[in-house]
Amino acid sequence: MASPKMASFVQLHQLSLAEKLHYIESAKAESEMLQHRIASIRREVRNTSLSQVSHSVPALTNLKLSKPNLYKGHRGKINDMKLAHSSQTLVTVGQDGFAIIWDAITGSKMDFVQLANCWALSCAISPSGRLIATGGLDNACTVYTVKNSFEDTSSVSETDNLIPNSSDNGIGRKNEGANHYQMFALGPNAPVCLLKGHKAYISGMAFPLENKLLSSSGDMSINYWDLNRNERIFEFSDRNLGDVSSVAVHPSNPNVFVSGSLKTVKVWDVRVPISTQEFFGHEDDVNVVR
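Offset between the sequence shown (1-based) and the working numbering: plus 940.
Here is the structure:
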């Protein structure tokens, strides 16, 4: 005896062309009706607008814009850039296969990293400025150490430190529960760790803490990584309907971050498995959030 699905397929297969076209038009009409219902429900829950919320915010006065610095060094398209927490260091990644760390004030180069993957689409710099992360079409996050940083390292404890002592000959990461480093690679700017788990390209990255990393991806998810353990802590998805194209951490609360995806901006808390707030309004992908 044929299953219901097989019976439905046979019945549809036996319909004439006119009947099939009628079913297709009926399905389109039902889809449009459902889309209108969704739009109506969204309008009901949007009880305010940006202009109404910001009407009491005073206007900017005596605004003086200075001439920006011009940073020259990449030999290809620059795909992403991030300013460090202290605003003194800038990191950029380009299609030339390099990440460059800049003095954001003078525009001079402080360090550069030849990337293991030349198709890097995103980057991030840690709160101390001593680590950078890159990711792209290899579906992985690669973390490197950098030098000549102006960043404040007073808040970084020894247990969170991923950089070996000067007596070490290479770069490694701490083993869980150990006081030594497992060597990952030798040489300057070698990768500290390689984080694999996404099923599509890496679109955005951010360091909430020195030893934690957030990565957004075209697989419609956000991964939360522990760099000391070199493993994923949690995967956030929560009904994302498209590529998660960007992620950014709250400037003073490392537990809170935002993401942008198809028509939606979401607010997350790393202690909660689902998003805590959602914002609608864009008609297409939200490419960048800050």
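Virtual Cβ for every residue (Gly too), placed ideally from N, Cα, C.
As the structure is a computational prediction, the values presented were derived from the model and not from experiment.
(request) Report yes or no: do three or more beta-carbon pairs, one from the segment 1166–1175 and one from the segment 1185–1193, lie closer than 8 Å? (result) no
(request) Measure the Cβ-Cβ separation of K1203 and H1222 and say whether it is below 7 Å. (result) In this structure, K1203 places its C-beta atom within 7 Å of the C-beta atom of H1222.
(request) Report yes or no: do three or more beta-carbon pairs, one from the segment 970–981 and one from the segment 995–1002, lie closer than 8 Å? (result) no
(message) Taking only three categories from DSSP, how would you classify K1152?
(response) strand
(request) Take N1195 and list the residues in its own chain whose beta-carbon comes closer than 8 Å to its own, dropping the five residues that flank it on each side. (result) P1148, D1209, V1210, R1211
(message) Using a 10 Å radius around the Cβ and a threshold of 16 neighbouring Cβ atoms, would you call L1153 buried or exposed?
(response) buried
(message) Can you give me the C-alpha to C-alpha distance between G1076 and L1167, rounded to a whole angstrom?
(response) 18 Å
(request) Please look up how many angstroms separate the CB atoms of S1215 and S1143, rounded, as I've assumed it's under 8 Å. (result) Wrong, their Cβ atoms sit about 17 Å apart, outside the cutoff.
(request) Have a look at M1021 and T1032 and give me their C-alpha separation to the nearest angstrom. (result) Taking the straight line joining both Cα atoms gives about 4 Å.
(message) Contact defined as beta carbons within less than 8 Å: I believe A1130 pairs with A1064. What is the distance between those atoms, to the nearest angstrom?
(response) At roughly 18 Å, the Cβ-Cβ gap does not stay under 8 Å, so A1130 and A1064 are not in contact.
(request) Please name the residue in G1016, Q1028, S1048 whose C-alpha comes closest to that of G1037. (result) Closest by C-alpha distance to G1037, out of G1016, Q1028, S1048, is G1016.
(message) Once DSSP output is grouped into helix, strand and coil, what is the label at V894?
(response) Because residue 894 is not part of the residues shown, which for the chain are 941 to 1230, the question remains open.
(message) If I measure Cβ to Cβ from Q1217 and keep anything under 6 Å in the same chain, skipping five residues before and after, which residues do I get?
(response) V1207
(message) Rounding to the nearest angstrom, what Cα-Cα distance links S1156 and G1182 in this structure?
(response) The straight-line gap from Cα to Cα measures roughly 11 Å.
(request) Would you kindly check if the distance between the Cβ of S1161 and the Cβ of S1177 is under 7 Å? (result) yes
(message) Output needed for L961: all residues of its chain with C-beta closer than 6 Å, excluding positions within five of it in sequence on either side, in chain order.
(response) none
(message) I need the boundaries of the alpha helix (DSSP H) containing K1303, first residue and last residue.
(response) Coverage of the chain is limited to positions 941 through 1230, which leaves residue 1303 absent and any answer about it impossible.
(message) Considering Cα atoms alone, identify which of S1201, P1213, F1219 is closest to D1225.
(response) S1201
(request) State buried or exposed for E1098, treating a residue as buried only when at least 16 other CB atoms are found within 10 Å of its CB. (result) For E1098, the predicted structure reports a pLDDT of 37, less than 50, and the residue's modelled location is therefore unreliable. A value from the coordinates is still provided. Exposed, since its Cβ has fewer than 16 Cβ neighbours within 10 Å.
(message) For N1163, list the residues DSSP reports as bridge partners.
(response) S1155, E1175
(message) Quick check: the Cα distance between K968 and D1051, rounded to an integer number of angstroms?
(response) Rounded to whole angstroms, K968 to D1051 spans 56 Å at the Cα level.
(message) Please report the straight-line C-alpha distance between K1114 and V1132, rounded to a whole angstrom.
(response) Only weak support exists for where K1114 lies, its pLDDT of 34 falling under 50; the value from the coordinates is given anyway. So the two alpha carbons sit approximately 10 Å from each other.
(request) Pick helix, strand or coil for V1132, following the three-state DSSP scheme. (result) Correct three-state label for V1132: strand.
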